[in-house]
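Take a look at the structure set out below.
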Amino acid sequence: MNKGVEYEVRQAGIDDLASIFHLGEKVFTSHGYSNLYRTWDEYEVTTFFNQESENVLVAEDDGKVVGFAMGTTIEKARSAWSYGHLVWLGVEPDYARSGLGSMLFDRFKRLMKKQGVRMLMVDTQADNEPAISFFRKKGFENPTRHVYLTMQL
(Lines of atoms letter the chains of each structure in order from A and count residues from 1; the text may use other names and numbers.)
(Lines give C-alpha, C1' and ligand atoms only; values in the text may rest on other atoms or scores of the structure.)
Protein backbone atom coordinates (compact mmCIF):
# COMPACT_ATOMS: atom_id res chain seq x y z
CA MET A 1 0.00 0.00 0.00
CA ASN A 2 1.23 3.47 -0.88
CA LYS A 3 -0.43 6.05 1.38
CA GLY A 4 -0.79 9.42 -0.27
CA VAL A 5 -0.17 7.99 -3.74
CA GLU A 6 -2.55 8.62 -6.61
CA TYR A 7 -4.12 5.30 -7.48
CA GLU A 8 -5.51 4.66 -10.93
CA VAL A 9 -9.30 4.90 -10.86
CA ARG A 10 -10.99 3.78 -14.06
CA GLN A 11 -14.13 2.27 -15.47
CA ALA A 12 -14.21 -1.46 -14.80
CA GLY A 13 -13.88 -3.97 -17.59
CA ILE A 14 -15.15 -7.51 -17.79
CA ASP A 15 -11.73 -8.81 -16.73
CA ASP A 16 -12.12 -6.96 -13.39
CA LEU A 17 -15.29 -8.75 -12.28
CA ALA A 18 -13.58 -11.63 -10.47
CA SER A 19 -11.31 -9.22 -8.59
CA ILE A 20 -14.29 -7.06 -7.60
CA PHE A 21 -16.22 -10.09 -6.38
CA HIS A 22 -13.35 -11.50 -4.30
CA LEU A 23 -12.54 -8.12 -2.79
CA GLY A 24 -16.20 -7.71 -1.84
CA GLU A 25 -16.15 -11.14 -0.18
CA LYS A 26 -13.22 -9.94 1.91
CA VAL A 27 -14.77 -6.58 2.83
CA PHE A 28 -18.43 -7.51 3.35
CA THR A 29 -18.03 -10.33 5.86
CA SER A 30 -20.77 -12.16 7.74
CA HIS A 31 -19.26 -11.39 11.14
CA GLY A 32 -18.74 -7.71 10.35
CA TYR A 33 -21.74 -6.51 8.40
CA SER A 34 -24.26 -9.31 8.02
CA ASN A 35 -26.79 -7.38 5.89
CA LEU A 36 -24.10 -6.38 3.40
CA TYR A 37 -22.73 -9.93 3.36
CA ARG A 38 -26.18 -11.38 2.79
CA THR A 39 -26.70 -9.40 -0.43
CA TRP A 40 -23.15 -9.66 -1.83
CA ASP A 41 -22.73 -12.40 -4.42
CA GLU A 42 -21.37 -12.93 -7.92
CA TYR A 43 -24.77 -12.07 -9.43
CA GLU A 44 -24.68 -8.65 -7.78
CA VAL A 45 -21.39 -7.89 -9.54
CA THR A 46 -22.32 -9.27 -12.95
CA THR A 47 -25.78 -7.68 -12.90
CA PHE A 48 -24.37 -4.23 -12.16
CA PHE A 49 -21.77 -4.67 -14.87
CA ASN A 50 -24.29 -5.92 -17.44
CA GLN A 51 -26.87 -3.23 -16.72
CA GLU A 52 -24.76 -0.16 -15.94
CA SER A 53 -21.11 -0.87 -16.67
CA GLU A 54 -20.45 2.86 -16.98
CA ASN A 55 -21.23 3.14 -13.25
CA VAL A 56 -18.76 0.47 -12.13
CA LEU A 57 -15.32 1.80 -11.19
CA VAL A 58 -12.16 0.12 -9.95
CA ALA A 59 -9.05 1.48 -8.31
CA GLU A 60 -5.71 -0.14 -8.99
CA ASP A 61 -2.36 -0.06 -7.29
CA ASP A 62 0.43 -1.45 -9.42
CA GLY A 63 -2.04 -3.36 -11.61
CA LYS A 64 -3.98 -4.93 -8.70
CA VAL A 65 -7.63 -4.04 -8.03
CA VAL A 66 -7.70 -2.60 -4.50
CA GLY A 67 -11.07 -0.86 -4.52
CA PHE A 68 -14.33 -0.51 -6.39
CA ALA A 69 -17.52 1.53 -6.58
CA MET A 70 -20.80 0.41 -8.12
CA GLY A 71 -23.95 2.44 -8.45
CA THR A 72 -26.99 3.27 -10.48
CA THR A 73 -29.12 6.15 -11.67
CA ILE A 74 -32.82 6.33 -10.87
CA GLU A 75 -35.47 8.16 -12.87
CA LYS A 76 -38.77 8.78 -11.09
CA ALA A 77 -41.92 9.17 -13.17
CA ARG A 78 -43.17 12.40 -11.58
CA SER A 79 -39.85 14.04 -10.82
CA ALA A 80 -37.69 16.32 -12.92
CA TRP A 81 -34.67 15.13 -10.95
CA SER A 82 -32.41 12.20 -11.62
CA TYR A 83 -31.13 10.38 -8.57
CA GLY A 84 -27.92 8.46 -8.10
CA HIS A 85 -27.39 5.58 -5.71
CA LEU A 86 -23.92 4.46 -4.68
CA VAL A 87 -24.76 0.87 -3.86
CA TRP A 88 -21.30 -0.58 -3.19
CA LEU A 89 -18.00 1.01 -2.19
CA GLY A 90 -15.27 -1.42 -1.20
CA VAL A 91 -11.61 -0.90 -0.37
CA GLU A 92 -8.95 -3.51 0.36
CA PRO A 93 -8.56 -3.48 4.18
CA ASP A 94 -4.81 -2.76 3.92
CA TYR A 95 -5.72 0.45 2.05
CA ALA A 96 -8.21 1.76 4.61
CA ARG A 97 -7.62 5.41 5.52
CA SER A 98 -5.21 5.86 2.59
CA GLY A 99 -7.49 8.21 0.64
CA LEU A 100 -8.48 5.48 -1.79
CA GLY A 101 -12.14 5.42 -0.73
CA SER A 102 -12.30 9.19 -1.16
CA MET A 103 -10.78 8.96 -4.62
CA LEU A 104 -13.32 6.34 -5.67
CA PHE A 105 -16.22 8.28 -4.20
CA ASP A 106 -15.12 11.58 -5.77
CA ARG A 107 -14.81 9.94 -9.17
CA PHE A 108 -18.23 8.30 -8.78
CA LYS A 109 -19.74 11.66 -7.79
CA ARG A 110 -18.29 13.33 -10.91
CA LEU A 111 -19.66 10.49 -13.02
CA MET A 112 -23.13 11.00 -11.54
CA LYS A 113 -22.99 14.77 -12.19
CA LYS A 114 -22.10 14.11 -15.84
CA GLN A 115 -25.21 11.92 -16.08
CA GLY A 116 -27.42 14.74 -14.78
CA VAL A 117 -27.91 13.39 -11.27
CA ARG A 118 -29.07 16.04 -8.79
CA MET A 119 -29.22 13.99 -5.60
CA LEU A 120 -26.94 11.15 -4.56
CA MET A 121 -27.94 8.51 -2.02
CA VAL A 122 -26.02 5.88 -0.09
CA ASP A 123 -27.06 3.32 2.47
CA THR A 124 -25.29 1.07 4.93
CA GLN A 125 -25.99 -0.83 8.11
CA ALA A 126 -26.95 1.36 11.07
CA ASP A 127 -23.96 0.10 13.07
CA ASN A 128 -21.40 0.68 10.30
CA GLU A 129 -19.92 3.73 12.02
CA PRO A 130 -16.82 3.96 9.78
CA ALA A 131 -19.02 4.21 6.66
CA ILE A 132 -21.43 6.66 8.28
CA SER A 133 -18.52 8.87 9.36
CA PHE A 134 -16.96 8.67 5.88
CA PHE A 135 -20.17 9.68 4.13
CA ARG A 136 -20.87 12.50 6.57
CA LYS A 137 -17.39 13.90 5.84
CA LYS A 138 -18.32 13.71 2.16
CA GLY A 139 -21.36 15.91 2.74
CA PHE A 140 -24.21 13.44 3.22
CA GLU A 141 -26.87 14.49 5.69
CA ASN A 142 -30.08 13.32 7.32
CA PRO A 143 -29.26 9.69 8.10
CA THR A 144 -32.39 7.60 8.50
CA ARG A 145 -32.36 4.16 10.07
CA HIS A 146 -33.87 1.26 8.15
CA VAL A 147 -35.26 -1.82 9.80
CA TYR A 148 -34.60 -5.20 8.17
CA LEU A 149 -36.49 -8.20 9.45
CA THR A 150 -35.56 -11.79 8.70
CA MET A 151 -37.29 -15.13 9.12
CA GLN A 152 -35.69 -18.56 9.00
CA LEU A 153 -37.70 -20.98 6.86
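To convert, count from 1 in the sequence shown and add 933; that's the numbering used here.
By construction, the Cβ of each residue, glycine as well, lies at the ideal position given by its N, Cα and C atoms.
Assuming residue i contacts residue j under a Cβ cut-off of 8 Å, what Cβ separation, rounded to an integer in Å, is found between them?
i, j, result
"Val-942", "Arg-1030", "The pair is not a contact, with the Cβ atoms about 17 Å apart (cut-off 8 Å)."
"Leu-1019", "Leu-1044", "Incorrect: roughly 10 Å between the Cβ atoms, too far for contact."
"Ser-1012", "Thr-1006", "Not really, about 12 Å apart at Cβ, beyond 8 Å."
Ends of the beta strand (DSSP E) at residue i?
i, result
"Thr-1006", "997-1008"
"Ser-1015", "1015-1024"
"Leu-1053", "1050-1055"
Using a Cβ-Cβ cutoff of less than 6 Å, which residues in the same chain neighbour residue i once the five nearest sequence positions on both sides are dropped?
i, result
"Phe-954", "Glu-975, Val-978"
"Val-989", "Ala-945, Phe-981, Phe-982, Met-1003"
"Gly-957", "Trp-973, Gly-1023"
"Trp-1021", "Met-1003"
Applying the criterion that 16 or more other CB atoms from any shown protein chain within 10 Å of the CB defines a buried residue, is residue i buried or exposed?
i, result
"Met-1036", "buried"
"Asp-994", "buried"
"Leu-1033", "buried"
"Gly-996", "exposed"
"Leu-1086", "exposed"
"Gly-1108", "Outside the displayed range of the chain (934 to 1086) lies residue 1108, so it cannot be described from this structure."
With a CB to CB cut of under 7 Å and the five nearest residues on each side skipped, what residues in its chain are close to residue i?
i, result
"Asp-949", "Val-991, Val-998"
"Lys-1071", "Phe-1038"
"Phe-1068", "Val-1055"
"Ser-952", "Val-998"
Sort the options by Cα distance to residue i and report the nearest one.
i, options, result
"Arg-1078", "Leu-956, Gln-1058, Thr-1006", "Gln-1058"
"Phe-1001", "Tyr-1016, Lys-959, Lys-1009", "Lys-959"
"Phe-961", "Arg-1069, Glu-1025, Gln-1048", "Glu-1025"
How far does the alpha helix (DSSP H) with residue i in it extend, from its first residue to its last?
i, result
"Asp-1039", "1033-1047"
"Ala-951", "950-960"
"Gln-944", "Careful: Gln-944 lies outside any alpha helix (DSSP H), inside the beta strand (DSSP E) at 941-944."
Beta carbon of residue i: closer than 7 Å to some heavy atom of the ligand PLP?
i, result
"Gly-1000", "No copy of the ligand PLP appears in this structure; indeed no ligand is present at all."
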